[in-house]
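In the numbering used here, the protein residues as written are 1 to 216.
The beta-carbon is built from N, C-alpha and C at its ideal position, and this holds for glycine as well.
These figures come from a predicted structure and were not determined experimentally.
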Amino acid sequence: MAQQLDHIEADSLTAHGTSHTGRVKPVNEDRFLIRRLGGRRTLLAVADGLGGGFSGDAAAQTAVDDLKTLSLPPEKNRETALLKAVHSIDGHICREIEKRPELEGMATTLVCGVLDGDLLSWVSVGDSRLYLKRGSALSRITEDQTLARFLLDEGEITAEQARTHYSKDLLDQCVGYGECDPATGTLAVKDGDILLFATDGLHKPVPDEQIYRILD
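Below is the structure:
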């Protein structure tokens, strides 16, 4: 079953979200959000639940529901506000597990951004990704927070080894375990740019070259 949101057009922005259960799992553990804020600001997010079945589904839904009510003041340091939001969601999921032990192990990845005019401030936890297509180039803005990436940064393995290492699919960061360490950044965008927020249900089976062709 697909989860789809009609596209939003405002100012020079067109936004569209879609998700599909796929052919492997019986439950869609992915969630997305497109939310207009005050002024020219738009909040964009994707979350991919972990823990299997209902648990992962619940974690991703909790993240999106919290972002639906998130109040972001028009401050300059948007990255700080997004960090606070992620840590708040992290704590919320932990409290839900305390109340409902059957949800033990649930967590979620999260990539969230606030687009304000020509600036996108973003926060990322896990291996969902943010891409930028500009002209004839596709760039990956976020880095997967996996054990293989950690080993690569520590110099324990090479970049070539990281591509096939057994730990390339093992997350070392997620939202819901009480100690996530999000990555943040701010990106300048231009007219004609395409931003893609994607879970691994897209970027693992579909090579970047094909993602570029689809966006093009």
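Cβ-based burial, residue i [other Cβ within 10 Å; buried from 16]
i, result
"Met1", "A caution first: Met1 carries a pLDDT of 38, below 50, which makes its placement in the model unreliable, though a value can still be read off. Its Cβ having fewer than 16 others within 10 Å, Met1 is exposed."
"Ala188", "exposed"
"Gly22", "exposed"
"His20", "exposed"
"Ala137", "exposed"
"Gln210", "exposed"
"Glu143", "exposed"
Opening and closing residue of the beta strand (DSSP E) in which residue i lies
i, result
"Lys190", "Here Lys190 belongs to no beta strand (DSSP E), and DSSP marks it neither H nor E."
"Leu44", "Arg41 to Leu50"
"Arg129", "Arg129 to Arg134"
"Arg23", "That residue, Arg23, is in no beta strand (DSSP E); it is neither H nor E in DSSP."
"Thr109", "Ala107 to Asp116"
"Leu138", "Ala137 to Arg140"
Residues near residue i in its chain [Cβ-Cβ closer than 7 Å; skip 5 each side]
i, result
"Lys168", "Thr146, Ala148 and Ala162"
"Arg213", "none"
Limits of the alpha helix (DSSP H) - the one that residue i falls within
i, result
"Leu215", "Asp208 to Leu215"
"Gly91", "Arg78 to Lys99"
"Leu202", "Asp200 to His203"
"Thr164", "Ala159 to Thr164"
Neighbourhood of residue i by C-beta distance below 6 Å, restricted to the same chain and skipping five residues each side
i, result
"Arg35", "Leu43"
Bridge partners - residue i, DSSP secondary structure assignment
i, result
"Phe150", "None; Phe150 has no bridge partner."
"Ile34", "Leu44"
"Leu171", "Thr146"
Own chain partners of residue i with C-beta closer than 8 Å, once the 5 adjacent residues on each side are dropped
i, result
"Asp193", "Leu132, Lys133 and Arg134"
*Specify whether the segment 81 to 88 and the segment 152 to 163 touch according to this definition: at least 3 beta carbon pairs, one from each stretch, less than 8 Å apart.*
As far as the Cβ criterion goes, the segment 81 to 88 does not touch the segment 152 to 163, which means the pair count is below three.
*contact_flag[the segment 52 to 70, the segment 128 to 147] where n(CB pairs < 8 Å) is 3 or more*: no
*Is the segment 168 to 178 touching the segment 92 to 101 in the sense that three or more CB pairs, one from each, lie closer than 8 Å?*
yes
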